[in-house]
Every structure is written in structure tokens, then in C-alpha cells.
Amino acid sequence: MSWQERYHHSLMNTFGTPRLNLVRGEGARVWDDAGRSYVDLLAGIAVNSLGHAHPAVVEAVTSQLQTLGHVSNFFTTTPQMELAERLLALLGAPGRVFLSNSGTEANEAAFKLSRRTGRTHLVAATGSFHGRTMGSLALTSKAAYREPFEPLPGQVTFVPYGDSAALAAAVTDETAAVVLEPMQGEAGVVVPPQGYLSDAREITTRHGALLWLDEVQTGIGRTGAWFAHQLGLGGGITPDVVTLAKGLGGGIPIGATIGLGAAGDLFEPGNHGTTFGGNPVACAAALAVLETVGGEGFLDQVVSVGKGLRDGLGDDSRVVEVHGEGLLLGVELAAAETAAVAAAALDAGFILNNATPTRVRLAPPLILTDVEADAFVAAWPAILDAAQVAR
């Protein structure tokens, strides 16, 4: 029986047919069961921030698991407290952290946190993606994800992403929170106009609503800064709530809901919980990621490699524009051929993502080297030729 047959006989059909059966990874490369290697330009959808089998993560997980693997939330551990302290320090504001297992759980917790304001109305953006659990799905705009599961919880108003006037019109004194991605990843890496996040901060403050930034995909160095809202487009704002996951654990499942200032005190004992959240092994992995990403010159290298990709890929006349920052890039093509481009890239030994019909998403490990980036840029014209993308 082939692995495809085994997969379909034993796993629920929620993802369609997998493209490969991967058996190992090292750095920014993975290998399939036939022994062929690929440069991983998706990193498990922005999760493997340090690539595959990074020594720091392997050592941290191994050491912690040999010491203390799980304790429940009746107790705490030093890695749990240290991780919360490090995240707050990186955000530069006092607050409190709730640790969970994934991005959608982090957003689910923030959704519940917003109810503690005594209000129920939320504002989200078109093009948004916040997860697949019912609460997070209620804030996700894509009809194909939402409609099979409606009615969804919450009173949610969607406004066009990047439109400050529309946001101002939607937020009232009854609004509990505005949830925004500083850059929209699922939508193909959409960057808002300068001043948008500052406007969101002013609008939410005026109405007493929480500003909740979903940095699940953009956080932990992905854009060349610790958090995307700390880039110039954020205008130096301080949000009320930040949600994290994906790259935080370097491949080990972990999520974080961070309430800054008074928002950190909204939950009381018994309001929320999790069995595995704050697991010391996951926290140790996250601390290893933070230590590595915070190393001298690491984020500068993310910016440099990202710029090389932007410039190189954008040189082809079939590319309209390359959006994004650091190593979260959306390559907009003149023709709607991205499914064929992703297939051609896989044939050429590169894993990427056709986020939309016209945009390819790149979210490689943050350790991607100049040599690996240059190899993809060199292969790019032939990949477009193979996909028959029209000029």
C-alpha cells in the first residue's frame, strides 16, 4: 500500500492529499521518503523559525524532557515564568501572559478576554485569518472557512483592511476589541498603509476598546523585528493584547496571549484554562528560540536575506510586486497561476505556498542563508516558465 493510500485510509480528509511524505529535515532543507531534498521556503507555515533540527531547540527540549516534562497548571515551572517575563520585556510594557498550544488557542483566549470588558462587539478585517476554532473562526473573514460552520459566536463587524475611515465608522462605545494582523499572512502578505495601526490605536483608545494585534504569523523575528507592529508601520504604538504562536516554539506547539497594562488583569482564576499550555518542554524550546533570534546580527541577517529575495524575485517581468518585510514575503504575479507555480517550484526542489490565485507566500526559516536564497532566485525564471506564467 502506498503512503497516499495509507494516509487516506487512516486520517480524516481535512487537508486533501499531502504533496510529499517528508522524513527528515536539517537547517532550511527537508527530505522526502524517496531521498530527494527541498529548500523549505514555507517552514511549516512560518513555524520552524530556526529551521529543522536546530541544535539549540534539540538541546533545550532534550534537557528539559530529561528533567521535568509536564506538571499541570496546579504548579508552575521556571521555564514558564522565564518565558512570560522575556515576552513582556520584548514588548516593552508590563502585563501578563497566558500560555497555550497554538495560534487559534491564543486567539480564542483573547476572544474570551475581550468579553471581560463587559462588551460583546468586535471588529475584524476583511482578508483576516485568526484560526479554525469556533471563536477564532468568527473573526476570520474567508467565506469558505466560515460558512460550513455558521452560525459562529460573537457579534463581529468586518471592515476593509487598511481603511482607517471604515475602522473609525465601525468602532463604537459598545466595541470590546478591534483585532488586526499587523500584516495579513493568509491573504498573501498584505501590508497596511503607513499610519493604519496608529489610527487603530487612536480609534480604540477613544472608544475604550481593546486593540488586539494578532502576531501569530508575524511575531518572533519573522519580519526582521521582534514584532511587526514594532516596525515603522506600527508608529511606536503599544497594543492592549498581542497573540503569538507559530515561530515562538521553533516547531514545538505553543501559543501565547499577552495582555498589556490593564488588559493583563481581565482574566480571573477560573475564567480560562488549558491542560498542556505552559508545558515546560514547550517553554524551554521557546526560550531557545528567543535566545537564538536575539543573538547579535540575527535579525539583521533576516532583513538582508529578505531584501535579496525581494530584489531578485521582483526583477522578473512576470512579477507585479513583492510585498512584506523580512522573511515574510508575498510575490504578486501578473497572472493567476500560483498553483502551477507552487507545483513547478516543488518539481525544482523548493517548497512555497500559493496563498491566493495571484500571490505566492514565502515564509522560510529565519536561518535561510544567502546561498539558499540566491539558489531560489536563480531558479525563479525557470519555475515561472514551467508554470507557463504569461508575461
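Numbering (our numbering), first residue to last: 89 to 479. All C-beta atoms in this analysis are idealised placements derived from N, C-alpha and C, irrespective of residue type, glycine included. All of these numbers come straight from a predicted model, not from anything done at the bench.
Nearest to HIS317 (by Cα), restricted to the options GLU262, GLN282 and LYS230: Among GLU262, GLN282 and LYS230, the Cα nearest to that of HIS317 belongs to GLN282.
My understanding is that VAL118 touches LEU110, with C-beta atoms under 8 Å, so please give their C-beta distance in whole angstroms. With a beta-carbon spacing of about 5 Å, VAL118 and LEU110 fall inside the 8 Å limit used to define contacts.
Roughly how many whole angstroms lie between the Cα atoms of ASN195 and GLY223? When rounded, the distance between both Cα atoms is 8 Å.
If we ignore side chains and look at the alpha-carbon of each, how far apart do ALA426 and GLY349 end up? Checking the displayed sequence, the identity of residue 426 turns out to be Thr instead of Ala. Distance between the alpha carbons of THR426 and GLY349 is about 43 Å.
Relative to the alpha-carbon of ASN41, which residue among VAL159, GLY347, TYR95 and ALA288 has its alpha-carbon at the smallest distance? Residue 41 cannot be examined here, being either before or after the span of the chain that is shown, 89 to 479.
Delimiting residues of the beta strand (DSSP E) encompassing TYR284: Unbroken run through TYR284 is the alpha helix (DSSP H), 284-295; no beta strand (DSSP E).
Assigned exposure category for PHE438 - 16 Cβ within 10 Å defines buried: Label assigned to PHE438: buried.
Measure the C-alpha to C-alpha separation of LEU472 and PHE364 and round it to an integer number of angstroms. For LEU472 and PHE364, the distance between alpha carbons rounds to 44 Å.
Quick one: measure Cβ to Cβ for ARG289 and LEU299, integer angstroms, because I've assumed they're closer than 8 Å. Confirmed, Cβ separation roughly 6 Å.
Run the CB neighbour count on GLU409, radius 10 Å, all protein chains shown included, and call it buried at 16 or more, exposed below. In this structure GLU409 is exposed. Its beta-carbon is surrounded by fewer than 16 other beta-carbon atoms within 10 angstroms.
Assuming the contact rule is C-beta atoms closer than 8 Å, LEU416 and THR245 should be a hit. Round their C-beta distance to whole Å, please. Rounded to whole angstroms, the Cβ separation of LEU416 and THR245 is 27 Å, and the two are not in contact under 8 Å.
Smallest Cα separation from ASP121: which of GLY307, GLN92, VAL465 and VAL266? Closest option to ASP121, Cα to Cα, is GLN92.
Please work out which residues of its chain come closer than 7 Å, Cβ to Cβ, to VAL393, disregarding the five sequence neighbours upstream and downstream, and give them in chain order. Exclusion of the five residues before and after VAL393 leaves LEU415, LEU456, ASP458 and ALA461 as the residues of its chain whose Cβ lies within less than 7 Å of its Cβ.
Is the beta carbon of THR205 sitting closer than 8 Å to the one on GLN243? Taking 8 Å as the Cβ cut-off, THR205 and GLN243 do not qualify as a contacting pair.
Is there contact between the segment 151-167 and the segment 333-340, where contact requires at least three CB pairs shorter than 8 Å? Taking a contact to require three or more Cβ pairs closer than 8 Å, the segment 151-167 and the segment 333-340 do not qualify as touching.
If you run the structure through DSSP and keep just helix, strand and coil, what is SER188? SER188 sits in a strand when the DSSP states are folded into three classes.
LEU450 in three-state terms, based on DSSP: Here LEU450 sits in strand by DSSP.
With distance defined between alpha-carbon atoms, name the residue in PRO469, LYS334 and VAL279 nearest to ASP403. The shortest Cα separation from ASP403 among PRO469, LYS334 and VAL279 belongs to PRO469.
Buried or exposed for LEU153, please, with buried defined as at least 16 other CB atoms from any protein chain shown within 10 angstroms of its CB. Answer is exposed; the Cβ neighbour count stays below 16.
Could you work out which residue in ALA431, PHE355, ASP435 and PRO452 is closest to ASN57 when comparing CA atoms only? An answer regarding residue 57 cannot be provided, because it is not within the stretch 89 to 479 covered by the chain.
Test item: CB-CB of THR306 and GLY273 under 8 Å: Less than 8 Å separates the beta-carbon of THR306 from that of GLY273.
CB contact flag (VAL278, VAL247, <8 Å): No Cβ-Cβ contact shorter than 8 Å links VAL278 with VAL247.
Which residues in the same chain as ASP353 place their Cβ atom closer than 8 Å to its Cβ, once the five residues preceding and following it in sequence are excluded? So the list reads ARG184 and GLY347, once near-sequence residues are dropped.
From this set, ALA177, LEU138 and ALA475, which residue's C-alpha is nearest PHE386's C-alpha? Comparing alpha-carbon positions, the option among ALA177, LEU138 and ALA475 lying closest to PHE386 turns out to be LEU138.
Determine the direct distance from the alpha carbon of THR446 to that of LEU401, and round the result to whole angstroms. For LEU401 and THR446, the distance between alpha carbons rounds to 15 Å.
Does the Cβ of THR260 have 16 or more other Cβ atoms within 10 Å, making it buried, or fewer, making it exposed? Residue environment: THR260 is assigned as exposed (fewer than 16 neighbouring CB atoms within 10 Å of its CB, all protein chains considered).
Member of ALA313, GLY358 and THR293 whose CA lies at the smallest distance from the CA of VAL329: The shortest Cα separation from VAL329 among ALA313, GLY358 and THR293 belongs to THR293.
Euclidean distance between Cα positions of LYS200 and ALA264: Note on geometry: alpha-carbon atoms of LYS200 and ALA264 lie some 10 Å from one another.
Residues of its chain near GLY412, where Cβ-Cβ distance is below 7 Å and the 5 sequence neighbours each way are ignored: The beta carbon of GLY412 is closer than 7 Å to those of MET271, VAL277, VAL279 and GLY418 in its chain, skipping five residues each way along the sequence.
Using only alpha-carbon positions, find the residue among ARG220, ALA451 and ARG174 that is nearest to GLY382. With respect to the C-alpha of GLY382, the residue from ARG220, ALA451 and ARG174 having the closest C-alpha is ARG174.
May I ask you to report which of helix, strand or coil DSSP gives ASN195? The answer is helix: DSSP assigns ASN195 an H, G or I state.
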